[in-house]
Amino acid sequence: MDIIKIKDLSVSYGDKKVLKNLSMNIEKNKITAIIGPSGCGKSTLLSTLNLMIEENGGSFEGDILFKDKDIRSYKKDDIRRMIGMVFQKPTPFPFSIYKNLTYAPIYYGIKDKKELNSIVENTLQKAGLFEEVKNDLNMKATKLSGGQQQRLCIARALTVGPEVLLLDEPCSALDAKNTEKIEEMLLKFSKDYTIVIVTHNLDQAKRIADHTASILDGELVEYK
Ligand SMILES: Nc1ncnc2c1ncn2[C@@H]1O[C@H](COP(=O)(O)OP(=O)(O)OP(=O)(O)O)[C@@H](O)[C@H]1O
Ligand SMILES: [Mg+2]
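Just remember that my numbering sits 8 ahead of the position in the sequence shown, which is counted from 1.
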């Protein structure tokens with residue numbers, strides 16, 4: 009089943025058209041890798057899929073269907089909850105590990121301390137970080153190593169129960185060992201989540217992706 013359907017998508021920043029009539033589908037519970045040279049529009053595509061593009065000064069034409077409904081018909085808050093995003097550079101909030109992970113759940117109305125604690129534990133477990141930080145939940149998240157920060161950001165994206173995770177080169181700042189940890193984690197995720205990952209690393213795409221979409225100068229040139 010295709011959870012996202014993209015039809016004739018064009019995205020522009022002002023007069024500059026960056027994506028041109030791109031059509032492709034994202035299969036549910038699979039890993040789709042987006043590859044292509046720098047500047048071809050990969051981050052633009054991701055940010056369009058969770059409607060961040062307008063905040064980034066862009067606009068789009070064409071259709072994006074999320075679960076067969078026009079993405080524009082959802083509330084932005086709901087889209088951001090259902091379609092989470094993790095960026096290239098780890099971006100923990102300058103708060104404790106605990107607060108990083110309870111911030112969004114509290115925003116979405118969860119108050120019960122036990123429920124919040126279980127969200128923190130579950131998401132850290134899923135991101136393979138629990139054992140490393142379980143005794144330091146009050147530590148400032150920016151004190152973690154780069155690889156730990158990135159796993160924290162992935163855990164944070166999971167705290168609101170997304171269906172889709174968009175990852176924009178999540179391993180590019182990491183060494184081989186941390187990259188391997190994230191790849192192992194993503195392979196386990198596809199049971200529960202649909203993953204769209206931008207990567208510069210063709211070997212990474214080969215190792216983890218079910219589908220690979222190649223973009224060149226704003227056009228989809230290959231999908232397999
Ligand atoms: N906020 C913005 N305003 C104007 N132009 C932008 C903006 N963001 C990106 N662009 C332009 O859109 C094009 C595509 O950028 P994008 O960041 O999507 O590429 P990318 O494939 O993710 O590249 P990289 O691999 O370097 O991350 C580039 O020419 C870039 O300069
Ligand atoms: Mg990019």
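Glycine is no exception: its CB is placed at the ideal position from the N, C-alpha and C atoms.
Check	Outcome
If you measure from each CB to the nearest heavy atom of ligand 4 and keep those under 5 Å, what residues do you get, in chain order?	Of the ligands this structure carries, namely ligand 1 and ligand 2, none is ligand 4.
Would the beta-carbon of ASN58 fall within 8 Å of that of ILE87?	yes
For MET147, count neighbouring C-beta atoms within 10 Å of its own C-beta (all shown protein chains included) and say buried if the count is 16 or more, exposed if not.	exposed
Could you check whether the Cβ of VAL19 sits closer than 7 Å to any heavy atom belonging to ligand 2?	no
Beta carbon of ASP144: closer than 7 Å to some heavy atom of ligand 2?	no
Measuring from the CB of ASP120, is there a heavy atom of ligand 2 at a distance below 7 Å?	no
Report the option in PRO170, ARG159 and LYS84 whose CA atom is closest to the CA atom of MET193.	ARG159
Quick check on the DSSP output: the alpha helix (DSSP H) that includes ILE61 runs from which residue to which?	That residue, ILE61, is in no alpha helix (DSSP H); it is neither H nor E in DSSP.
Are there any heavy atoms of ligand 2 lying less than 7 Å away from the beta-carbon of ASP176, as far as the coordinates show?	yes
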